[in-house]
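Residue numbers for the sequence shown follow the numbering used here, beginning at 18 and rising by one.
Accompanying notes for the structure given below.
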Amino acid sequence: MGEICPTCGLPLDMCICKEISKQQQKIVVRLETRKFNRDTTIIEGIDEKDFDLQKLAKQLKTLCACGGTAKDKYIMLQGDQRQKVTTYLESLGFPKSNINTI
Ligand SMILES: [Zn+2]
18 MGEICPTCGL PLDMCICKEI SKQQQKIVVR LETRKFNRDT TIIEGIDEKD FDLQKLAKQL
78 KTLCACGGTA KDKYIMLQGD QRQKVTTYLE SLGFPKSNIN TI
């Protein structure tokens with residue numbers, strides 16, 4: 018017997034918690050113009066318990082070829098990356114209807 022997920026009771030390799038969590042998370046991708054008029058794309062609402070934000074930030078920085086950081090449940094990217102980020106999140110399995118791009 019393999020390990021059992023304490024949340025859904027299924028063996029870990031069949032665990033559906035992350036998928037359910039992806040379905041339930043309401044993500045906001047928004048643009049913030051900060052001081053010095055620098056555009057910053059903010060991604061918020063991704064549960065860091067289920068998702069490695071540091072890793073995701075790294076992937077997004079590579080994808081967008083820009084600087085960025087993950088902290089306090091937010092990912093921040095330099096510039097207006099909303100379109101790329103939204104497309105990428107969809108490809109990870111987050112439902113389009115749950116991604117609110119402002
Ligand atoms: Zn589970």
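Just so it is clear, CB atoms sit at the ideal spot from N, CA and C, and this is done for glycine as well.
Quick caveat: nothing in here was measured; it's all calculated off a predicted structure.
In the DSSP output, what is residue i paired with across the bridge?
| i | result |
| --- | --- |
| Tyr-91 | Glu-61 and Lys-88 |
| Asn-117 | Val-45 |
When you compare each of the options to residue i by their alpha carbons, which one comes out closest?
| i | options | result |
| --- | --- | --- |
| Val-102 | Asp-67, Glu-61 and Lys-90 | Glu-61 |
| Asp-56 | Phe-68, Cys-83 and Ser-38 | Cys-83 |
| Thr-86 | Glu-20, Ile-59 and Asp-30 | Ile-59 |
| Lys-113 | Asn-54, Lys-39 and Lys-72 | Lys-39 |
| Gln-71 | Met-31, Leu-94, Phe-53 and Asp-30 | Leu-94 |
| Gln-98 | Thr-118, Gly-26, Ser-108 and Phe-111 | Thr-118 |
Exposed or buried, what is residue i when buried is set at 16 or more other beta-carbons lying within 10 Å of its beta-carbon?
| i | result |
| --- | --- |
| Leu-77 | buried |
Under the criterion of a Cβ to heavy atom distance below 8 Å, does residue i qualify as lining ligand 2?
| i | result |
| --- | --- |
| Leu-109 | As presented, the structure is devoid of ligand 2, carrying ligand 1 as its sole ligands. |
**Report entry** beta strand (DSSP E) segments (min. 3 residues) lying fully within the region 20-73
**Finding:** 44-51 and 55-61
Query raised in the report: Between the region 35-49 and the region 103-111, are three or more C-beta pairs nearer than 8 Å?
Result: yes
Query raised in the report: Between the region 87-94 and the region 61-73, are three or more C-beta pairs nearer than 8 Å?
Result: yes
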